[in-house]
Structure formats: structure tokens, C-alpha cells
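Student: This structure is in C-alpha cells; I'll ask about it shortly.
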Amino acid sequence: MSFDTFNLSSELTKALEKNNYKTPTSIQTKVIPLVKTKQDIMAQAKTGSGKTASFVIPILEALKENKSEKKAQKKDKIKVLVLAPTRELTLQIAQTFSTLSKFFSKPLSIVSVIGGEKIGDQLLKIQKGCDIVVATSGRLLDIISKKQIDLGTIEYFVLDEADKMLDLGFVQELDEILKIIPKQRQNLLFSATYSPKVIDIASKITTKAIKVEVEDAS
Ligand code: ADP
Ligand code: MG
1 MSFDTFNLSS
11 ELTKALEKNN
21 YKTPTSIQTK
31 VIPLVKTKQD
41 IMAQAKTGSG
51 KTASFVIPIL
61 EALKENKSEK
71 KAQKKDKIKV
81 LVLAPTRELT
91 LQIAQTFSTL
101 SKFFSKPLSI
111 VSVIGGEKIG
121 DQLLKIQKGC
131 DIVVATSGRL
141 LDIISKKQID
151 LGTIEYFVLD
161 EADKMLDLGF
171 VQELDEILKI
181 IPKQRQNLLF
191 SATYSPKVID
201 IASKITTKAI
211 KVEVEDAS
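With the UniProt record's numbering, letter number 213 in the sequence shown gets 213, and the count goes up by one each step, no holes.
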């Protein structure tokens, strides 16, 4: 199995090569083609199995196609919202988006929305035109309360490491966020483990997700 089977663009292929991604992991093999079918997905695979790239790769390809069709001057609207449990994971995900889109001729704008950094700076970056927001829920709601960002254009909603987001505070924040983003969107949920609580959170987001599981292979 090689990344060639996914018919990826030469720009993305080059980035994968530069980063030593030679063969897709099991979860990537299953998830990448499924994302393209526009269905909701609930994917479970153990930590370290490459879940990040399994959503980053197909999303980047979709945005790239879209971007090349678009008129140059138009300000970019947020198309992807990723929620992650911690600042560190948020930064890692944003980094993966930026590393794998490094060779795109029209660069994508990726903004991390996390606590501990100036909210004004994050807002400014978003307002300049932004394709992808990777956020922790608390800071995202702070930004939303300022009413200066438009989340009505979201096409992809990703919840990463869902099993690390089970506390009541997060569930309430998720409810708030779900009220704001469009109902019509593709939902991609990732978790290292399944539990009734993970399934409960997933059911708030989507009831029609296809379940993808990988046993213990990486
Ligand atoms: P998970 O979210 O499942 O815990 P990550 O997405 O964080 O796993 O990936 C774990 C590590 O594996 C990262 O350092 C990532 O860069 C690397 N990785 C992911 N996919 C591949 C691949 N196909 N080939 C080589 N390395 C990969
Ligand atoms: Mg992960």
C-alpha cells in the first residue's frame, strides 16, 4: 500500500515524502478515501497510529481544489474547524496542516485558537482571511463571544482525541459551538478508545457516522 493509491496532488505527495511518510497507516488507509465520500466518520485507533494525517490529508486536498477555482482577491472564509483537548495537541494539528500544505501554490491560512496567547492576535489572523481554525473549546468560545468571527461557512467539523474531552465543561462548550456552526457539514470524529461517554458525545454531533476501527496495527 502506498499513498499513490489516493491520487493525491504532486504538492501533497512531495510534502509527504519530505516528512518521511512512505506508506499510509491502517487508519489512514481506511479514513482517507472515506472522507472523500463526504460521509460522517467516527474513527478509533490507538495513540500513535496516525489519526491526525488521516483527516489532514483529505481535507487539504479538498481545500486545494477549491482554492484553485476561486477568484484571487476574495477573502478566505473558515471552512474547517478542528477541536482538540489541549493547547499542545492543537498546535500539533495546526503544524501538520501547515507542514503537509507547504508546497501548495496558494498557501492556506491556518490559525490556532488556544489559551495563553493574546486573543487579539488570534482574532486579527482570523479576520485577515483564514481557511482552517484549530481550537480548544474554551478559547474558541471566548472569540465567538466577541462576535467578530463567522463560523457559518464551516464545511468540516473535526473532533480529535474525543476520549480526552469527556468532562462536563467540555460537553457544555461543545453544545454552544454546535449551536453556531452550520447543521450541514461533514463531521469527522477521532478517538483512541470507545466508551459510552465517547459515543454520547459523538451522538451530539452526528447520528449517521460510519464507524471505522483499527485493531492494534499501527
Ligand atoms: P494519533 O493521533 O493516532 O495518536 P498522530 O497522528 O499524532 O497519531 O501520529 C503519530 C506520529 O506518526 C506523528 O509523529 C506523525 O507525524 C507520524 N505519522 C503519521 N502517519 C505517518 C505515516 N503514514 N508515515 C510515517 N509517519 C507517520
Ligand atoms: Mg491524535
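In this text, a Cβ means the ideal position worked out from N, Cα and C, and glycines have one as well.
1) Roughly how many whole angstroms lie between the Cα atoms of T153 and P182?
2) Closest to Y156 by CA distance: which of S2, D175, P58 is it?
3) Would you report the Cα separation of S10 and F97, rounded to the nearest angstrom?
4) Closer than 8 Å is the cut-off here; do at least three beta carbon pairs connect the region 159 to 166 with the region 186 to 198?
5) In terms of residue numbering, what span does the alpha helix (DSSP H) encompassing K204 cover?
6) What are the residues that DSSP puts in a beta bridge with I110?
7) Do the region 167 to 175 and the region 94 to 113 touch if we need at least three Cβ pairs shorter than 8 Å?
8) Give every residue whose Cβ lies closer than 6 Å to any heavy atom of the ligand MG, listed in chain order.
9) So for Q180, helix, strand or coil by DSSP?
10) Please classify S105: does DSSP put it in a helix, a strand, or coil?
11) Please name the residue, chosen from M42, V111, L141, that lies closest to residue 270 on a Cα-to-Cα basis.
12) Cα separation between A209 and L188?
13) Taking V214 and S49 to be in contact with their CB atoms under 8 Å, please state how far apart those CB atoms are, rounded to whole angstroms.
14) With H, G and I counted as helix, E and B as strand and the rest as coil, what does DSSP make of A43?
15) Sorted by chain position, which residues of the same chain lie with C-beta nearer than 7 Å to Q122's C-beta, five sequence neighbours on each side aside?
16) Going by DSSP, name the residue or residues bridged to L159.
17) Determine the closest residue to L63 out of K211, I205, Q148, C130, with distance taken between C-alpha atoms.
18) Does DSSP put E11 in a helix, in a strand, or in coil?
19) Which residue from V198, D150, R87 puts its Cα closest to that of V80?
20) Within 10 Å of its beta-carbon, does L178 have 16 or more other beta-carbons around it, so buried, or fewer, so exposed?
21) For the beta strand (DSSP E) holding V212, just list the boundary residues, first then last.
22) Identify the continuous alpha helix (DSSP H) that holds S49 and give its terminal residues.
Tutor: In brief:
1) 7 Å
2) P58
3) 16 Å
4) yes
5) 196 to 205
6) I132
7) no
8) K51, T52, D160, E161
9) According to the sequence as given, residue 180 is Ile; it is not Gln. The answer is helix: DSSP assigns I180 an H, G or I state.
10) coil
11) Limits of the chain in this structure are 1 at one end and 218 at the other, which puts residue 270 out of reach.
12) 8 Å
13) 6 Å
14) strand
15) V111, V113, I143
16) L83, L189
17) C130
18) helix
19) D150
20) exposed
21) 210 to 213
22) Neither: S49 is in no alpha helix (DSSP H) and is coded neither H nor E.
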